[in-house]
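Below is one structure, written out as structure tokens, with a few remarks after it.
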Amino acid sequence: MYSEFDVYAYLVSVQDMVFFDDDAEVAVDQMNELLHYINSYREEDDNLDVLEEVVRRTLFDWIENPDLLGLESDEMQAYILEQLADARQQEIEDHD
Numbered sequence: 651m652y653s654e655f656d657v658y659a660y661l662v663s664v665q666d667m668v669f670f671d672d673d674a675e676v677a678v679d680q681m682n683e684l685l686h687y688i689n690s691y692r693e694e695d696d697n698l699d700v701l702e703e704v705v706r707r708t709l710f711d712w713i714e715n716p717d718l719l720g721l722e723s724d725e726m727q728a729y730i731l732e733q734l735a736d737a738r739q740q741e742i743e744d745h746d
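Basically our numbering = 1-based index in the sequence shown + 650.
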């Protein structure tokens, strides 16, 4: 059963990305694209904690590493798939 993850609750606006200065609009577009990838690539077994952890990691990484703005769509998809795999593994280890 899919968790009640609502991607729309996490979408960002230009006001959320002001620290990117002139790249704020690009950052908004990319972050929202990444959030949609989380929603697209989630699996039925993913609980809300796993999905929210991926959101937190993604937001943190994008804020801390502005070079990520240069990623192409396929690279962003690979990034999200990696983050989902890591968060799933962490969830398994936390429950062992």
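Where a beta carbon is used, it is the ideal one built from N, C-alpha and C, also for glycine. As the structure is a computational prediction, the values presented were derived from the model and not from experiment.
Which residue marks the beginning of the alpha helix (DSSP H) containing Y687, and which one marks its end? A674 to Y691
Could you spell out the range, first to last residue, of the alpha helix (DSSP H) harbouring M667? Per DSSP, M667 belongs to no alpha helix (DSSP H) and is neither H nor E.
Please classify L661: does DSSP put it in a helix, a strand, or coil? coil
According to DSSP, is L698 helix, strand or coil? helix
How would you write the range of the alpha helix (DSSP H) that E725 sits in, first residue to last? S723 to D744
Does the region 710 to 724 come within contact of the region 672 to 680, defined as at least 3 CB pairs closer than 8 Å? yes
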